[in-house]
Amino acid sequence: MIHGKAIARVMGILMLLVGVLMLPGAAFSYYYGSSDLLALLGSSAISILSGLAFFFAFKEDKDGIRKREGYLIVALTWVVMAIFGMMPYIISGAIPKVPDALFETISGLTTTGATILTDIEALPQGLLFWRSMTQWIGGLGIIVLTVAIFPLLGIGGIELFVAEASGPTNDKLHPRIRETARRLWLLYVGLTVLVAVLYYLFGMNLFDAVNHALTTMATGGFSTKNDSFAFFTSPALQYIAIIFMFIAGTNFTVIYFFLTGRVKAALRSDEFKAYAVVVAFLIVAISVPIYFLGDSGVEEAFRKTAFQIISMITTTGFVLDDYTAYHEGITLIFFMFLFFGASAGSTSGGIKFVRHLTFFKNSYLEFKRIIHPRAIVPLKINGDRVTGKIITSIMNFLLIYLMVFVFGSIFLSFMGYDIITSFGAVATSLGNVGPAIGGVGPEDSWNFFNPAAKIFLAFLMLLGRLELFTILVLFTPYFWKAN
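Residue numbering for the sequence shown follows UniProt numbering, beginning at 1 and increasing consecutively.
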């Protein structure tokens, strides 16, 4: 039996948090004298009051949170955050239609970065900041923050962390889940502040620096400018973004090990080594044709290539250059990046390197098993043997991911969109990347999609952000059967 009262109480806490996190946007609105102050304050008040009502209504409930409730809470959390998060857009009139506002909000919370806006710079400062904040919230997952404070509220949170961090890695910074969540957020906040300071010191104004820091560390890609990061022509700013996008795409456990001097422990990660080597190889390999196909110098071609490759692989989605303008082969390569994803345990979306690494290692070892059918040929990641259960789970994930991509593309094409645009929109929504190919290229708005298509693509963003199983398990009869 599902413990509905426990779920309702947790939803109340999350509504309260969303409302509180709207207040910095209201502060920016007040400072700049923009027209969205009342919309942000009103939305914040509605969220906070709704949260308090839910929390106190179920304050005395003693039901526990099991794994089943954990998965349901995680799924409902993103829906609830999207519903309350879109209110500032609707109340202010900046995005008056519900499908558009919902799409923009879910794109933010899932750190996808696709937008229906055609003139981003026309948005008031408060809403621009809230738009960036939605990505920062979703970057590491509001669930982890909630886990950190749940013990103070008398609620256990281990099931929520398991549901949110549903990747194949089980590395922990600290054996206690509460301490893990706290250290993750301290690291996340610290890196965000650092990149904001660097952006400011190297030429951005304070507002742009803060906004881009939020979306850089979230690997989200929302910008305050219509031209995205291409607006900032300073090579120093672009190199800072390159470095911190790469860091944000790294497993936070590995980052923590590096910062605490445990370099050997960090370098023990096969995923990090694969991530670093593949990114470096791709930058060098693709810089050459871009240099010859474009009109840039060597350094500029290298910088543009490095920026755009890391932006795509980490699913950040910042745009510095239109990669579809060079050659069809370059366009196809960048389309393939939509299926990469950076590291598990990072803020990036996508399939993740550890899954690719496991798949390719297992496929390679299969040749040895064919030659030596009686031999025991274990698959190892980070020096540890990978169990058959994990291998099966990863294979199932990859197969389901491919099936969702194929059937999602077919479904979108039946709505009347060309197949290239359908491929690009579905792939980038599932991977939480942002820019893609076809009608959703790096310089395009998604406003041309009809309301049904926007809702469908927003659902795919949620599906990709929660790594398929957390959402899809809710559609199985096993989940709803009583114990």
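Every residue gets a Cβ at the ideal spot worked out from N, C-alpha and C, and that includes glycine.
Query                                                                                                                                                               : Result
Between ILE391, PHE55 and PHE405, which lies nearest to LEU14 when the distance is taken from Cα to Cα?                                                             : PHE55
What does DSSP give as the partner residue(s) for ARG385 in the beta ladder?                                                                                        : LYS380
Could you tell me if MET87 is buried or exposed, where buried requires 16 or more neighbouring beta carbons within 10 angstroms of its beta carbon?                 : buried
With a threshold of 7 angstroms (Cβ to nearest heavy atom), would ILE255 be considered close to the ligand NAP?                                                     : Ligands are entirely absent from the displayed structure, and the ligand NAP is therefore not among its contents.
Identify the continuous alpha helix (DSSP H) that holds LYS5 and give its terminal residues.                                                                        : 4-32
Under the three-state reduction of DSSP, which class applies to SER351: helix, strand or coil?                                                                      : Here residue 351 is Ile; the residue named in the question, Ser, does not match the sequence. Coil, per DSSP.
Mapping DSSP to helix, strand and coil, what is ASP36?                                                                                                              : coil
In the segment 183-250, which residue ranges form an unbroken beta strand (DSSP E) of at least 3 residues, counting only runs that do not cross its ends?           : none
Need the endpoints of the alpha helix (DSSP H) that residue 524 sits in, please.                                                                                    : Because the chain in this structure spans residues 1 to 483, residue 524 falls outside the shown range and cannot be described.
Hey, quick one: how far does the alpha helix (DSSP H) through ILE95 stretch, first residue to last?                                                                 : From DSSP, ILE95 is part of no alpha helix (DSSP H); its letter is neither H nor E.
Mind the definition here: the segment 373-390 touches the segment 259-278 only if three or more C-beta pairs lie below 8 angstroms; say whether that holds.         : yes
Is DSSP giving PHE318 helix, strand or coil here?                                                                                                                   : coil
With burial defined as no fewer than 16 other Cβ atoms inside 10 Å of the residue's Cβ, what is the status of ALA306: buried or exposed?                            : buried
May I have the straight-line CA-CA distance separating LEU123 from TYR323, to the nearest angstrom?                                                                 : 27 angstroms
Suppose the cutoff is 6 angstroms on Cβ atoms and the five residues either side in sequence are ignored; what does the same chain contact list for MET81 look like? : VAL18 and LEU109
Quick one: give me the first and last residue of the alpha helix (DSSP H) that GLU121 is part of.                                                                   : Where GLU121 is concerned, there is no enclosing alpha helix (DSSP H), given that its DSSP letter is neither H nor E.
Is THR392 helix, strand or coil when you go by DSSP?                                                                                                                : helix
If you drop the 5 nearest sequence neighbours on each side, which residues of the same chain put their C-beta closer than 6 angstroms to that of THR146?            : Residue placement at THR146 is poorly supported in this model, since its pLDDT is 48, which falls under 50; the coordinates still yield a value, given next. Cβ neighbours of THR146 beyond the five flanking positions: none.
Whole-angstrom Cβ separation of LEU457 and SER429, contact assumed at under 8 angstroms?                                                                            : 5 angstroms
Check this for me: beta carbons of residue 490 and SER346, under 8 angstroms apart or not?                                                                          : Because the chain here runs from 1 to 483, residue 490 falls outside it and cannot be looked at.
Under DSSP, the alpha helix (DSSP H) around MET81 begins and ends at which residues?                                                                                : 67-85
Applying the criterion that 16 or more other CB atoms from any shown protein chain within 10 Å of the CB defines a buried residue, is ILE95 buried or exposed?      : buried
Which stretch, first to last residue, makes up the alpha helix (DSSP H) that contains TYR478?                                                                       : 477-480
Any idea if MET336 is buried or exposed, counting beta-carbon neighbours within 10 angstroms, 16 or more meaning buried?                                            : exposed
Just to confirm before moving on: does the CB-CB distance between PHE353 and SER363 stay below 8 angstroms?                                                         : no
I need the boundaries of the alpha helix (DSSP H) containing LEU282, first residue and last residue.                                                                : 270-293
For ILE351 and ALA27, I'd like the C-alpha separation in whole angstroms.                                                                                           : 37 angstroms
Going by C-alpha distance, which of ILE419, GLU467 and ARG182 is nearest ASN432?                                                                                    : GLU467
Among the candidates GLU443, THR134 and ASP227, whose CA atom is the shortest distance from the CA of ILE106?                                                       : THR134
If we ignore side chains and look at the alpha-carbon of each, how far apart do LEU102 and ILE455 end up?                                                           : 8 angstroms
The alpha helix (DSSP H) spanning LEU460 covers which residue range?                                                                                                : 451-465
Would you check if there are 3 or more beta carbon pairs closer than 8 angstroms linking the segment 114-130 to the segment 66-84?                                  : no
Would SER348 and GLY424 be called neighbours here (beta carbons separated by less than 8 angstroms)?                                                                : no
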